[in-house]
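J.:
4 protein chains.
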Amino acid sequence: MARVGVLTSGGDCPGLNAVIRAVVRRGERHWGDDLVGFHDGWAGVIEGRWQALDVEAMRGYLARGGTMLGTSRVHPWMTDDGVERARATLLDVGLDALIVIGGEGSLATAHRAHTEGIVPVVGVPKTIDNDIPCTEQTFGFDTAVSIATEAIDRLHTTAESHDRVMVVEVMGRHVGHIATWAGIAGGATVTLVPEHPFDIAAVADIVRKRHERGRYASIVVVAEGARPAPGTMELAEPEVDRFGHKRLGGIGMVVASEIEQRTGYETRVTVLGHVQRGGSPTAYDRVLSSRYGVASIDAVHEGGLGDMVALQAGLITCVPLADVMGHLKTVDDRLWDVANALFEARLDGRPPASADSESASP
Amino acid sequence: MARVGVLTSGGDCPGLNAVIRAVVRRGERHWGDDLVGFHDGWAGVIEGRWQALDVEAMRGYLARGGTMLGTSRVHPWMTDDGVERARATLLDVGLDALIVIGGEGSLATAHRAHTEGIVPVVGVPKTIDNDIPCTEQTFGFDTAVSIATEAIDRLHTTAESHDRVMVVEVMGRHVGHIATWAGIAGGATVTLVPEHPFDIAAVADIVRKRHERGRYASIVVVAEGARPAPGTMELAEPEVDRFGHKRLGGIGMVVASEIEQRTGYETRVTVLGHVQRGGSPTAYDRVLSSRYGVASIDAVHEGGLGDMVALQAGLITCVPLADVMGHLKTVDDRLWDVANALFEARLDGRPPASADSESASP
Amino acid sequence: MARVGVLTSGGDCPGLNAVIRAVVRRGERHWGDDLVGFHDGWAGVIEGRWQALDVEAMRGYLARGGTMLGTSRVHPWMTDDGVERARATLLDVGLDALIVIGGEGSLATAHRAHTEGIVPVVGVPKTIDNDIPCTEQTFGFDTAVSIATEAIDRLHTTAESHDRVMVVEVMGRHVGHIATWAGIAGGATVTLVPEHPFDIAAVADIVRKRHERGRYASIVVVAEGARPAPGTMELAEPEVDRFGHKRLGGIGMVVASEIEQRTGYETRVTVLGHVQRGGSPTAYDRVLSSRYGVASIDAVHEGGLGDMVALQAGLITCVPLADVMGHLKTVDDRLWDVANALFEARLDGRPPASADSESASP
Amino acid sequence: MARVGVLTSGGDCPGLNAVIRAVVRRGERHWGDDLVGFHDGWAGVIEGRWQALDVEAMRGYLARGGTMLGTSRVHPWMTDDGVERARATLLDVGLDALIVIGGEGSLATAHRAHTEGIVPVVGVPKTIDNDIPCTEQTFGFDTAVSIATEAIDRLHTTAESHDRVMVVEVMGRHVGHIATWAGIAGGATVTLVPEHPFDIAAVADIVRKRHERGRYASIVVVAEGARPAPGTMELAEPEVDRFGHKRLGGIGMVVASEIEQRTGYETRVTVLGHVQRGGSPTAYDRVLSSRYGVASIDAVHEGGLGDMVALQAGLITCVPLADVMGHLKTVDDRLWDVANALFEARLDGRPPASADSESASP
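Chains as they are written, first to last, in this note's numbering: chain A, 6 to 367; chain B, 6 to 367; chain C, 6 to 367; chain D, 6 to 367.
1. Counting only C-beta atoms, is D101(B) closer than 8 Å to chain C at any point?
2. On the criterion of 16 or more Cβ atoms from any shown chain inside 10 Å, does P235(B) qualify as buried, or is it exposed?
3. Using alpha carbons as the reference points, say which of L95(B), R26(B) and T94(B) lies closest to E61(B).
4. For Q281(A), is the classification buried or exposed, using 16 other Cβ atoms within 10 angstroms of its Cβ as the cut-off for buried?
5. Leaving out five residues before and five after S111(C) in sequence, what residues of the same chain have Cβ atoms less than 7 Å from its Cβ?
6. For chain A, check one thing: does any of its Cβ atoms lie closer than 8 Å to the Cβ of E165(B)?
7. Does D361(A) come out as helix, strand or coil in the three-state DSSP assignment?
8. Check each residue of the stretch 315–334 of chain A: if its Cβ is closer than 8 Å to any Cβ of chain D, include it; give the result in chain order.
9. For V11(D) and E200(A), what's the separation of their Cα atoms in angstroms?
10. Where R339(C) and T185(C) are concerned, what is the direct C-alpha to C-alpha distance, given to the nearest angstrom?
11. With 8 Å set as the bound, which would you pick, yes or no: does the beta-carbon of R252(C) sit closer than that to a beta-carbon of chain B?
12. What does M171(D) touch in chain C if you count any residue whose Cβ is under 8 Å from its own?
13. Is there a C-beta anywhere in chain B that falls below 8 Å from the one on G298(A)?
14. Taking Cβ positions only, does L12(C) come closer than 8 Å to chain B?
15. Does the Cβ of G99(B) have 16 or more other Cβ atoms within 10 Å, making it buried, or fewer, making it exposed?
16. At what residues does the alpha helix (DSSP H) containing L112(C) begin and finish?
17. So which residues of chain B does S151(C) contact, with C-beta pairs closer than 8 Å?
18. Please tell me whether I183(D) and A149(D) are closer than 8 Å, where the distance is taken between their beta carbons.
19. Can you give me the C-alpha to C-alpha distance between L5(A) and L58(D), rounded to a whole angstrom?
20. Beta-carbon within less than 6 Å of R8(A)'s beta-carbon, same chain only, minus the 5 sequence neighbours each way: which residues are those?
21. Given that G269(A) touches chain D, what residues does it touch there, using C-beta distances under 8 Å?
22. For a cutoff of 8 Å on Cβ pairs, would you count G354(A) as touching chain D?
23. Between which residues of its own chain and S359(B) is the CB-CB distance below 6 Å, once the five residues before and five after are set aside?
24. Compute the beta-carbon to beta-carbon distance between V180(A) and D136(A), rounded to the nearest angstrom, for a pair I have assumed lies under 8 Å.
25. On the three-pair Cβ rule with 8 Å, is the stretch 43–57 of chain C touching the stretch 17–26 of chain C?
26. From the DSSP output, read off the bridge partner residues of T13(C).
27. Just grab the DSSP bridge partners of E174(A) for me.
28. Assign A187(A) to buried or exposed, taking buried as 16 or more other Cβ atoms, counted over all protein chains shown, within 10 Å of its Cβ.
29. Where does G75(B) land, buried or exposed, given buried means 16+ other C-beta within 10 angstroms?
30. Taking C-beta pairs closer than 8 Å, name the residues in chain D that V50(C) reaches, listed in chain order.
31. Hey, out of V329(B), T114(B) and G70(B), whose CA is closest to P286(B)'s CA?
32. Can you tell me whether D328(B) is buried or exposed? The criterion is at least 16 other CB atoms within 10 Å of its CB, across all chains shown.
33. Whose Cβ in chain C lies nearer than 9 Å to the Cβ of A68(B)?
34. To the nearest angstrom, report how far apart G283(B) and W55(C) are at their CA atoms.
35. With 8 Å as the threshold, decide whether the Cβ of R215(A) is near any Cβ in chain D.
36. Which bits of chain B does R273(A) rub up against, with CB to CB less than 9 Å?
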């Protein structure tokens with residue numbers, strides 16, 4: 006029996022409520038814990054805003070998107086007195102441990118809070134980008150891929166009806182997991198990811214060859230963080246409007262303009278944006294979130310403080326938060342090779358994979 | 006028994022294949038017709054590109070988005086010899102009538118072709134915008150509204166989790182049907198449509214008041230053709246990039262920037278774009294498309310040449326194409342009043358409806 | 006300003022919460038009403054179980070299936086003291102009017118309560134079956150058709166992969182609206198409805214002929230109330246298990262068995278059951294529900310007591326409840342003719358429609 | 006460069022076409038293979054029915070359910086001359102290897118064909134049941150879980166509106182993977198699986214306690230192969246109708262009747278049936294199928310003959326078909342413990358997990 010807090014930090018992600026619900030059900034019923042939820046991430050810890058959580062309070066939240074606790078990107082080290090105020094709240098609430106559900110930055114903050122003795126933590130890896138190391142998958146990723154794939158399915162019919170090129174910009178500032186999966190699932194012609202800088206001339210060439218073979222419709226999936234290879238294309242600074250916002254349609258718009266200019270085919274761009282991170286989680290994400298939630302409260306009681314729960318080989322386990330810090334999980338080369346086998350052609354100038362194929366026998 | 010052609014013209018629209026399939030099934034089986042499909046709209050008529058259609062050729066197309074015949078915005082009067090070439094093809098194919106599935110512009114072209122004796126036509130009203138007069142609904146509209154509503158559902162959770170304003174730009178250059186329906190179905194705070202120029206100060210005010218009451222999340226739906234009321238806000242010319250394209254994010258981006266500046270609340274914009282017009286049609290649109298298809302080939306045989314098929318009071322009927330020309334169907338005032346009752350507040354400065362309420366007893 | 010009650014009665018139906026929400030938003034904000042919700046339909050009136058409703062209480066309910074008020078099939082005339090107890094509650098609550106959201110039976114009860122002076126009522130037509138007269142559509146129907154169509158889409162692929170006949174039993178005890186619409190939208194081979202008793206030999210014949218032409222997969226949609234024409238097939242009494250329940254799989258199972266026996270093709274049956282009536286309403290149903298809700302509270306204030314709100318020619322209007330009583334709306338003959346043009350063949354022995362075609366010009 | 010055949014065998018499963026497409030794209034473009042598809046599984050091999058496959062022939066199949074090649078449960082050893090005829094076809098076609106996409110039985114047949122020297126094979130694990138050993142997941146499973154979860158979501162609202170118990174029978178004759186995942190994702194009260202025989206008295210007890218705490222709606226998920234523990238309940242022989250079919254509604258119907266009888270609460274049953282195995286695959290299944298397809302044709306060229314492709318620790322690898330034979334993968338105890346933590350209570354009489362928790366730190 007313990008007094009355990011939970012908070013959600015960083016961007017919205019389908020499955021947050023399912024994690025909280027699982028923490029509460031397992032904590033209350035199995036371990037006899039008192040559960041406490043902080044509002045708006047670390048902001049609630051700093052400002053002393055929280056609520057008691059019990060099984061009843063979680064009714065109906067399993068399938069609901071968003072987070073019933075609210076979230077923010079605030080953390081204690083952002084202001085002079087943040088740490089002090091957080092300590093005061095934690096003392097006041099009398100926490101034995103804090104479960105932090107967050108992405109890379111939030112887990113780093115959690116790790117720091119743990120190592121600096123502010124509060125013992127357990128981390129739960131949350132990001133639609135799937136870029137957290139030491140775990141095969143983060144919750145929210147499957148939902149984001151599903152939404153992006155459904156959008157690509159819809160764009161296919163317009164591309165075919167109009168003999169057009171459709172460029173779809175998906176999330177992925179630093180890694181191309183969503184782009185790679187949605188590109189495979191949506192039957193993209195080409196997919197551009199941050200891990201493999203692209204040559205726009207090669208992209209245009211693939212589209213042109215497709216056209217010349219008699220297929221006029223092409224789908225190009227672009228991760229928002231995809232960038233041209235050095236020396237291949239000049240990228241203007243993003244335009245900033247009068248209120249300081251960068252204009253919508255970064256790299257997707259650039260790629261679309263270049264393809265249209267270089268090939269002469271009508272090209273349209275769609276920026277999926279926030280629809281990728283909202284709404285009810287897929288069944289897969291609800292299960293993964295629920296397993297993470299149970300595992301995180303178990304970790305509190307079974308020596309897992311300072312750890313992050315993780316999916317490895319189909320089972321949930323714990324890894325030290327320290328191992329997770331400082332690097333991102335990029336798209337595996339073997340998956341990328343497989344993806345390229347299904348796209349229209351590979352783009353990165355590397356020889357076709359064979360010896361290093363994902364499917365090589367042991 | 007007749008030789009009847011069919012073509013799809015204008016933008017992609019869910020249900021096109023379902024119309025063609027119904028024309029073919031009814032024509033072949035009930036009337037014993039020969040059916041012919043022209044490729045890429047009028048382009049196929051001008052350039053003599055067409056194919057025979059039969060029940061077998063239509064297998065599997067009922068639920069598929071796009072158009073198996075292709076589409077374009079070409080018409081005979083666009084070039085010097087267009088009409089002449091179209092006549093030549095029609096003579097060559099030996100058509101008795103042509104079924105034109107298209108939006109406002111395409112129906113006008115069809116009407117002209119009919120009145121100038123180029124070919125007897127029957128029109129089928131197609132547009133996701135639902136702005137064609139004399140018919141209660143066009144096919145494709147229900148699917149577009151469904152997609153927009155699903156997106157709004159997803160954005161709600163992010164808005165709530167982050168205490169944000171989310172602006173969603175939906176299609177509707179001249180009319181606000183999609184915005185009004187999706188705004189009602191998605192539970193929007195405010196919806197802006199071309200029919201009712203808006204005062205951005207009033208919009209910001211509604212959002213601010215909501216915030217002050219303790220609700221921080223607002224969804225603002227904006228039709229792409231919505232415009233500020235004269236004298237309320239200066240609208241910059243759309244920026245044009247180096248390839249001559251207008252930058253993504255027209256009015257939606259402007260509205261979002263203004264709300265953020267005027268209220269101080271974090272505001273994000275999503276431009277749904279082409280996903281609204283692609284993919285498998287809803288059940289409703291499949292039924293409506295099928296009924297239109299049957300009715301259009303029946304009209305060929307039952308004195309409906311020169312007419313457009315239409316939905317009136319739940320039944321399919323025919324109206325002269327001449328009656329359809331030259332005006333757009335805007336959002337009915339009584340529906341708009343109902344919508345405003347459900348939004349957070351009305352925006353157009355008119356007194357609250359009561360005597361003119363949609364629900365007034367007869 | 007008035008004190009207005011609302012209750013939901015009869016079977017679950019997508020859109021119930023959307024109606025209640027619209028009543029409350031319009032009532033509170035436009036008319037300054039006090040709103041009261043009774044629990045579990047008339048049971049709450051009889052037993053004095055109710056709650057106050059305001060805009061805040063309705064947050065998040067627009068898209069949610071089911072009814073936040075609960076429902077039942079109870080009514081005041083079911084027990085000796087029901088009427089007396091209902092009167093007592095209504096007096097106690099001090100109601101000016103009661104909005105009854107229900108199907109055929111519930112509206113009849115509402116009408117009786119109105120005419121016997123128990124409470125002035127306004128009715129809102131609710132049924133997934135779409136069989137209420139005087140209105141073109143009831144809310145919940147579009148969602149039910151969507152769900153049935155999605156199921157048929159899935160069954161198609163199995164039917165095709167295995168060269169099978171798939172029989173799908175959908176709801177519709179007295180009328181075939183769901184079956185007809187889902188049959189058209191799903192591309193059924195044959196659809197059987199209560200309005201047109203079927204000859205199983207003709208059904209088997211259609212399936213056999215399809216098979217002989219080289220298409221082995223057939224989908225047969227059966228409304229649960231479909232019945233064989235007199236003299237064509239003997240129908241055993243439904244089996245009743247030891248607890249008095251009729252065994253699942255009534256007419257669908259019989260039709261499947263007969264087709265398999267008569268044709269020799271492998272045949273499977275799926276009974277969709279309650280999934281057709283639950284879950285989040287479609288965008289169409291959310292809009293229709295919202296419009297009905299606004300219209301019903303407007304009717305309270307604008308002389309519509311004793312009326313039912315209705316959809317006619319795309320607009321919401323009011324009709325006397327008395328006109329609605331005593332008959333069901335069946336599938337229109339002209340729609341049925343259209344449907345048969347799209348199915349593999351007509352089944353009812355009538356000559357093919359032409360003069361009476363739905364698409365006849367005026 | 007090789008001549009490689011592919012066939013699909015056993016029940017329909019979402020993702021079959023995606024596997025075939027990936028085999029063809031990788032084979033033709035990367036390895037320069039000739040690809041051949043046999044019709045209706047082994048039936049096509051025995052009867053010499055097949056077609057050439059190339060990239061062009063596979064257009065549009067990625068997202069389509071079913072199998073473009075057809076499937077059956079036939080195999081060469083079912084008839085006297087099956088093996089001989091299969092050999093003759095294979096000789097005639099001149100195959101170097103055969104990729105068999107199938108479930109447990111089909112893979113056993115494939116293994117036998119390989120070891121008896123009929124044709125060198127590579128297996129691809131296909132089953133919505135996810136019960137094939139040596140691989141963490143089979144394609145089709147994620148789609149089946151998604152469909153079942155969506156149905157449960159819908160049934161929740163009816164259960165809540167009517168204070169009912171809803172029993173949902175899902176697929177899983179020998180294992181409870183679908184039931185367990187859908188039970189977690191759908192927020193089931195209790196889930197019954199073949200791996201853990203149930204005590205119906207305990208099930209009724211959980212439902213009754215829930216009711217007494219004031220929650221009247223319960224969802225009970227039942228795998229079709231779930232069985233009562235010895236001595237707890239007598240199970241009647243399934244009724245067989247006059248055509249030799251077992252009556253629909255096996256264990257789900259029994260469980261529903263018993264719950265209603267023992268608790269007095271209204272209980273309804275839904276048998277999901279074939280909708281679980283048809284239709285477009287989820288994004289996850291499209292990716293998994295595509296990876297399996299690429300890996301299987303790679304295995305043909307890289308020493309993987311006699312192997313099955315498998316998912317292990319997030320990567321695709323190969324395992325000897327021999328290792329796969331003769332046993333089924335059941336639901337992991339640690340996952341089952343997690344599931345029970347989220348259900349209303351555990352049913353199998355075992356003490357609550359803690360030491361053996363899935364989340365135990367290493």
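Note that CB positions come from ideal geometry on N, CA and C, so glycine has one too.
T.: Reading off the structure:
1. no
2. exposed
3. R26(B)
4. buried
5. S14, G15 and V105
6. yes
7. Residue confidence for D361(A) is low, a pLDDT of 38 falling below 50, so the modelled location carries little weight and cannot support an answer.
8. Q317, A318, G319, L320, I321, T322 and C323
9. 34 Å
10. 12 Å
11. At R252(C), the pLDDT of 48 sits below 50, so the modelled position is not reliable and the matter cannot be decided from this model.
12. H279
13. no
14. no
15. exposed
16. E109 to T120
17. T287, A288 and Y289
18. yes
19. Since the first residue of chain A shown is 6 and the last is 367, residue 5(A) is not available in this structure.
20. D39, G99, L100 and D101
21. Correct list: empty, because the minimum Cβ distance to chain D is about 23 Å.
22. Unreliable positioning characterises G354(A) in this predicted model, as indicated by a pLDDT of 46, which lies under 50. A coordinate reading is not provided.
23. Because the pLDDT at S359(B) is just 40, under 50, the model does not fix this residue reliably, and the value given afterwards should be weighed accordingly. If we look at S359(B) and ignore the five residues flanking it on each side, it has no Cβ neighbours.
24. 4 Å
25. no
26. I106(C)
27. V227(A) and V276(A)
28. buried
29. buried
30. Correct list: empty, because the minimum Cβ distance to chain D is about 17 Å.
31. G70(B)
32. exposed
33. T154, D158, H161, A190, G191 and G192
34. 46 Å
35. no
36. G278 and H279
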